[in-house]
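Structure, as structure tokens:
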Amino acid sequence: MSTRDEVKDYFRRELGWVPEFVELLAEYTPAALKGMLEFRRGFMAEPPSGALSKKIKELIFIVLDTVANNVEGGRAHARAAVRAGATVAEIAEALVMTMYLRGVPTMEVAGKEILRAAIDEARKS
């Protein structure tokens, strides 16, 4: 399997989609993207190799994406968090914490879309 395919398959498996930046980097800088993938695999390792569960890591990603107004990434991580065992209430509480740091607009811009993705994913279960 080529580096491009390996990286794309990883994101499809983990997040259910391939982010556009991954598509672009896979085409033009596959070696650099492979390095990023190895780094990501390291910090996403679950116990006992890693200290935090996948659920907690996905909640952290949701918060980071929300304060960065990264709606697409936040949606993907919200869906992944639900699949990893997070409840919609846990995701909502994490999103409320972003309002403390960045104000209500975080929910207006990204948070509501991210929460909607979590709700939709939870309804599938």
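Numbering (this note's numbering), first residue to last: 124 to 248.
All C-beta atoms in this analysis are idealised placements derived from N, C-alpha and C, irrespective of residue type, glycine included.
Restricting to Cα atoms, I'd like to know which of the options is closest to residue i.
i: L156; options: A174, I237, R127; result: R127
i: M159; options: P170, I185, P171, K131; result: K131
Skipping 5 residues on each side, what residues in its chain have a beta carbon closer than 8 Å to that of residue i?
i: R135; result: V141
Under 7 Å Cβ to Cβ from residue i, same chain only, skipping five residues before and after it: list those, please.
i: A215; result: L238
i: T189; result: G197, L218, T221, T229, A233, G234, I237
i: A199; result: L138, G139, W140
i: Y133; result: L160
What is the residue span of the alpha helix (DSSP H) that residue i lies within?
i: T126; result: 126-138
i: T221; result: 211-225
i: E189; result: A small correction: the amino acid at residue 189 is Thr; Glu does not occupy that position in the sequence shown. Residues 177-190.
i: G196; result: 194-206
If residue i and residue j are in contact, beta carbons under 8 Å, what's the gap, nearest whole angstrom?
i: V205; j: E244; result: 4 Å
i: I183; j: V211; result: Incorrect: roughly 17 Å between the Cβ atoms, too far for contact.
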